[in-house]
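Trainee:
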Amino acid sequence: MFLLVTTLLKFAVFVLLFVMPLASLLTWMERRQSAYSQDRYGPYKATLKLFGKDIQLAGLLHIAADGLKMFFKEPFIPSIADKAVFKLAPAIGFVTAMLTLALVPFGPDLKTADIPLLASWFPDLVAAHPVIPLQMARVDAGLLFIFAIGSLSVYSAALAGWASNNRYALMGGLRAAAQGISYEIALGLTVVGVLIAFGSTELAALVRAQAQPLFGPLPAWGVFIQPLAAVLFFVAAIAETKRGPFDLPEGESEIIGYFMEYSSMGFGLFMLSEFVEIVVLACVFTTLFLGGWEFPWLVGDTSIYLGFTSIEVSTFGRAIAGMIVFGAKVFFLCALQLQIRWTLPRFRYDQLMHLGWKTILPLSLVNIFVTAVLMWLDPERLVWLGYLGIAEVVAFAFVVIAGPRRTEAMTEEAHGGHGATHGTAHAGAHDAAHAHAATTVTDTPAHQPAAHGAPLAARST
Amino acid sequence: MAIRVRERVQYSAYERSYLPEVFRGLGITLRHLFQNLFGHKDTRPLQTVRYPEEKRVYPPRYRGQHRLLPREDGSPRCVACYMCSTVCPAYCIHIVAAESPDSEIEKYPAAFEIDMLRCIYCGLCVEACPEDAIRMDSGVHTPPFYTRDDAVIGRVDLLELLGRPGAPPAYGAQNAREGKPRGV
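Quick mapping for you: the protein sequence lines, in order, are chains A and B. 26 is the number of the first residue of the first sequence in the working numbering; add one for each residue after it. 240 is the number of the first residue of the second sequence in the working numbering; add one for each residue after it.
1. Can you say whether B/Glu338 is buried or exposed, counting buried as having 16 or more other CB atoms within 10 angstroms of its CB?
2. Taking Cβ-Cβ distances shorter than 8 Å, what residues in chain A pair up with B/Pro284?
3. With 8 Å set as the bound, which would you pick, yes or no: does the beta-carbon of A/Ala462 sit closer than that to a beta-carbon of chain B?
4. Taking just the CA atoms, how far does A/Ile426 sit from A/Ile250?
5. Shortest alpha-carbon distance to A/Glu337 belongs to which of A/Glu286, A/Gly325 and A/Gly414?
6. Between B/Val283 and the rest of its own chain, which residues show a CB-CB distance below 8 Å, the 5 nearest in sequence each way excluded?
7. So the alpha helix (DSSP H) A/Ala211 belongs to, where does it begin and stop?
8. If you measure beta-carbon to beta-carbon, which residues of the stretch 259-271 of chain B are closer than 8 Å to chain A?
9. Can you find at least 3 beta carbon pairs, one from the stretch 238-248 of chain A and one from the stretch 174-192 of chain A, that sit closer than 8 Å?
10. Using a Cβ-Cβ cutoff of 7 Å, what residues of the stretch 237-249 of chain A are near chain B? List them in chain order.
11. To the nearest whole angstrom, what separates the beta carbons of B/Leu307 and B/Arg394, a pair I think is in contact under 8 Å?
12. Show which residues of chain B have a CB atom less than 8 Å away from the CB atom of A/Ala58.
13. Could you tell me which residues DSSP puts in a beta bridge with A/Tyr412?
14. Can you look up A/Ile221 in the DSSP assignment and give me helix, strand or coil?
15. Give the secondary structure of B/Asp354 by DSSP, where H, G and I count as helix, E and B as strand, and everything else as coil.
16. Closer than 8 Å by C-beta to B/Ser497: which residues in its own chain qualify, once you throw out the five before and the five after it? Chain order, please.
17. Would you mind telling me which residues of chain A sit closer than 7 Å to B/Tyr218, beta carbon to beta carbon, in chain order?
18. Which residues does DSSP list as the beta-bridge partners of A/Lys74?
19. Going by DSSP, what residue range makes up the alpha helix (DSSP H) through B/His271?
20. Kindly provide the ranges of any alpha helix (DSSP H) runs that are 4 or more residues long and lie completely inside the stretch 334-413 of chain A, ordered along the chain.
21. Starting from the Cα of B/Cys368, find the closest Cα among B/Leu401, B/Ala319 and B/Phe262 and give me that residue.
22. Using a beta-carbon distance cut-off of less than 8 Å, what residues from the stretch 363-379 of chain A approach chain B?
23. Which residue's Cα is closest to the Cα of A/Met45: A/Glu277, A/Val408 and A/Leu294?
24. What residue does the alpha helix (DSSP H) around A/Ser328 start on, and which one ends it?
25. Which term fits A/Pro252, buried or exposed, when burial requires 16 or more other beta carbons within 10 angstroms of its beta carbon?
26. Thinking A/Val216 and A/Ala254 are a contact (beta carbons under 8 Å), I'd like their distance in whole angstroms, please.
27. Can the beta-carbon of A/Ser288 be found closer than 8 Å to that of A/Pro115?
28. State the Cα-Cα distance for the pair A/Phe39 and B/Pro299, rounded to the nearest angstrom.
29. Below 9 Å on C-beta distance, what does A/Val391 contact in chain B?
30. With H, G and I counted as helix, E and B as strand and the rest as coil, what does DSSP make of A/Phe300?
31. Note the first and the last residue of the continuous alpha helix (DSSP H) segment covering A/Glu55.
32. At the level of alpha carbons, what is the spacing between A/Ile303 and B/His271?
33. Report yes if the CB atom of A/Pro242 is closer than 8 Å to the CB atom of A/Trp318, and no otherwise.
34. Mind listing which residues of the stretch 180-213 of chain A have their C-beta closer than 8 Å to chain B's C-betas, in chain order?
35. Show which residues of chain B have a CB atom less than 7 Å away from the CB atom of A/Val424.
36. Quick check on A/Leu28: does DSSP put it in helix, strand or coil?
Pasting the structure below:
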């Protein structure tokens, strides 16, 4: 009984008060954020007339407007569709996305004695249950359970494509299934390094392990000791959620996806589970690589540091602070995913498979090997991994900051600079180079056709 | 037509490793995001005009909805010469001429209708008019219609429309009343 009530309470706090509002907010945020990134305004027009005033709230009302629209549309089912499976498919996607949340620890353990009023009202209860973990299900095989449930989401897309009895939908479903299965392997292997380093698959234990100090104030977060795995996991997980540059199962605007026959709330469920998956991915990534609810310079064991002062807190206050920290990290990762989606062009299908099988998979195997060897040799555990990880981060930051920039001159040189090696493609290469030079504003004399010695007749158009 | 062989851009190994370029791309979109979110209104890259709330100032020669110019007594300056409806490439001006009660003026338009769904806003009617009776200097959009009949705007409505602020006064306003010869 106690377990049921607390689990329902945890569900209410975590899912109903955090994940679902955040997922709804993301539907608005995705459009506003992409709009501002592309120098547009995005939706802001939904207006509520209240007491003669127009309330717009920067477009937040679009969430309600879209939801209402979805509910009141006709749920159309094609006459040749497999009706039972057609109705089941979006539900599978939504349920699998939500089930994963049961495993995610969203706050530190809470002592029942520290909850205000509870100790004085129900002293027997407090004595019987001293600790509440802020996690709906503490499963020892936590991470494996997440992967097991996560892989079921492939069924949603594949069944939706199949049950629609529509060729385009079926193709979309097949793409989704192939992509999901391919990236699942990469996804599973990328986290093995983390599991080796921390020696547990239980998510709350992983979070506690990441709280230990690495060097001075630096915590042993997954991103510091396994940066390669963090990047690979993030990429593979985005592919697994069918978003970002890997959204070719859907391809909202051009290629047609597995949910093309869905209307009304069936489609709404697909969209909602997509946004829930964003939050789930952010939650899992936070737990594995960003130290979950821990924040070493802010949330201590018995106090909260605010820079100028520190407040002594019980586990109740610590739980609230931990939940806020967790929420902030998750929100940051959600925003990052949206930004990635609206920055990168979509991968081609062969590029997607190439990246999954030939890049991420070997790299994650190398990562496993290196991690295992370092853990085996290192007497202090984690320290050598920490050196390696920080070296990787610094080296990568240096490469990004100091790396070569492609300039117009470089493009020109690639086309016409060493024409002899291009052989028969010589004239064509110059041609393309001219066309390119003509479109640029900074057209220096070096880009003029005569400088290349190419005949002007090559400009065929 | 010559055959053009397009050479693919040769990407360096650095670029083909993809990840650094991803971060640079994120930097670009994030820069735009933050400039638009927090930048000053005049310097941010976002240039969209939120139309119904903000309106852009049209150039002085913007061709808006037509208007018929009145004489001082309020009757239209139009003499039903049919020049505008003749020159109109869209055949959208329909005039019914009638004998004018004023002895100095030969005809007046008993009906003057413009079908706004056909009009292409070319302004040829304005140029053709010898009386400066029709102009497109109202500076307003043609309002939306709900039926095709609503799109046909008649004499009274056209007369009611005023010129936009700063529009030049009607040409030969005094002479029109006195019936003297007018220059072109």
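Even for Gly, the Cβ is constructed at its ideal location relative to N, Cα and C.
Mentor: Walking through what the data contain:
1. To locate residue 338 of chain B, count along the second sequence from 1; it is residue 99. So B/Glu338 counts as exposed.
2. The sequence position of residue 284 of chain B within the second sequence is 45, counting from 1. Simply Asp64.
3. Translated into the one-based positions of the first sequence, residue 462 of chain A becomes position 437. Note that A/Ala462 scores a pLDDT of 42, beneath 50, so its modelled location is shaky and nothing firm can be said.
4. As a first step, residue 250 of chain A is located in the first sequence; it is residue number 225 there, counting from the start. As a first step, residue 426 of chain A is located in the first sequence; it is residue number 401 there, counting from the start. One C-alpha to the other measures close to 22 Å.
5. For the purposes of this step, residue 337 of chain A is taken as residue 312 along the first sequence, with counting starting at 1. Among A/Glu286, A/Gly325 and A/Gly414, the Cα nearest to that of A/Glu337 belongs to A/Gly325.
6. Mapped onto the second sequence, residue 283 of chain B falls at position 44. Looking at the sequence shown, residue 283 of chain B is not Val but Arg. So the list reads Gln274 and Asn275, once near-sequence residues are dropped.
7. Here residue 211 of chain A is taken as the residue at index 186 of the first sequence, counted from 1. Where A/Ala211 is concerned, the enclosing alpha helix (DSSP H) stretches over Arg192 to Thr215.
8. Pro259, Val261, Phe262, Arg263, Gly264, Leu265, Ile267, Thr268, Leu269 and His271
9. no
10. none
11. What you label residue 307 of chain B is simply residue 68 of the second sequence in a count that begins at 1. What you label residue 394 of chain B is simply residue 155 of the second sequence in a count that begins at 1. About 7 Å; that satisfies the 8 Å criterion.
12. Here the question's residue 58 of chain A lines up with position 33 in the first sequence. Reading off the sequence shown, one finds Gln at residue 58 of chain A, where the question assumed Ala. Per Cβ cutoff of 8 Å: Leu272.
13. Here residue 412 of chain A corresponds to residue number 387 of the first sequence, with the count starting at 1. DSSP lists no partner for A/Tyr412.
14. Walking along the first sequence from the start, residue 221 of chain A turns up at place 196. Residue state, collapsed to three classes: helix.
15. Here residue 354 of chain B is taken as the residue at index 115 of the second sequence, counted from 1. The answer is strand: DSSP assigns B/Asp354 an E or B state.
16. Given that chain B is displayed from residue 240 to residue 423, the structure contains no residue 497 of chain B and the question cannot be resolved.
17. No answer is possible for residue 218 of chain B: the residues shown for chain B start at 240 and end at 423.
18. Locating residue 74 of chain A in the first sequence gives position 49, counting from the first residue. A/Lys74 pairs with A/Asp79.
19. As a position in the second sequence, residue 271 of chain B is number 32, starting the count at 1. Per DSSP, B/His271 belongs to the alpha helix (DSSP H) from Leu258 to Phe277.
20. 340-366, 374-378 and 386-402
21. Here residue 368 of chain B corresponds to residue number 129 of the second sequence, with the count starting at 1. Among B/Leu401, B/Ala319 and B/Phe262, the Cα nearest to that of B/Cys368 belongs to B/Ala319.
22. Gln364, Ile365, Trp367, Thr368 and Leu369
23. Start at 1 with the first residue of the first sequence, and residue 45 of chain A comes out as number 20. Answer by Cα proximity: A/Leu294.
24. Position 303 of the first sequence, counted from the start, is the residue given in the question as residue 328 of chain A. That residue, A/Ser328, is in no alpha helix (DSSP H); its beta strand (DSSP E) goes Ser328 to Tyr330.
25. Sequence index remark: in the first sequence, residue 252 of chain A carries index 227 (1-based). By the neighbour-count rule (16 or more Cβ atoms within 10 Å), A/Pro252 is buried.
26. Working through the first sequence from its first residue, we reach residue 216 of chain A at position 191. Working through the first sequence from its first residue, we reach residue 254 of chain A at position 229. Confirmed, about 7 Å.
27. What you label residue 288 of chain A is simply residue 263 of the first sequence in a count that begins at 1. What you label residue 115 of chain A is simply residue 90 of the first sequence in a count that begins at 1. Their beta carbons are not under 8 Å apart, which means A/Ser288 does not touch A/Pro115 by this criterion.
28. Counting from one through the first sequence, the residue named residue 39 of chain A turns up at place 14. Counting from one through the second sequence, the residue named residue 299 of chain B turns up at place 60. Cα to Cα, the separation comes out at about 59 Å.
29. Residue mapping note: residue 391 of chain A aligns to position 366 of the first sequence, counting from 1. The contacting residues do not exist; A/Val391 stays about 15 Å from chain B at best.
30. In the first sequence, residue 300 of chain A corresponds to position 275, counting from 1. Of the three classes helix, strand and coil, the one that applies to A/Phe300 here is helix, per DSSP.
31. The residue you call residue 55 of chain A lines up with position 30 of the first sequence. First-last of the alpha helix (DSSP H) with A/Glu55: Met45 to Ser62.
32. By one-based count along the first sequence, residue 303 of chain A stands at place 278. By one-based count along the second sequence, residue 271 of chain B stands at place 32. Cα to Cα, A/Ile303 sits roughly 23 Å from B/His271.
33. Position 217 of the first sequence, counted from the first residue, corresponds to residue 242 of chain A. Position 293 of the first sequence, counted from the first residue, corresponds to residue 318 of chain A. Cβ distance not < 8 Å, so A/Pro242 and A/Trp318 don't count as in contact.
34. none
35. As a working mapping, residue 424 of chain A is identified with position 399 in the first sequence. Within 7 Å Cβ-Cβ: Pro259.
36. The count along the first sequence starts at 1 and reaches residue 28 of chain A at position 3. Three-state DSSP puts A/Leu28 in a helix.
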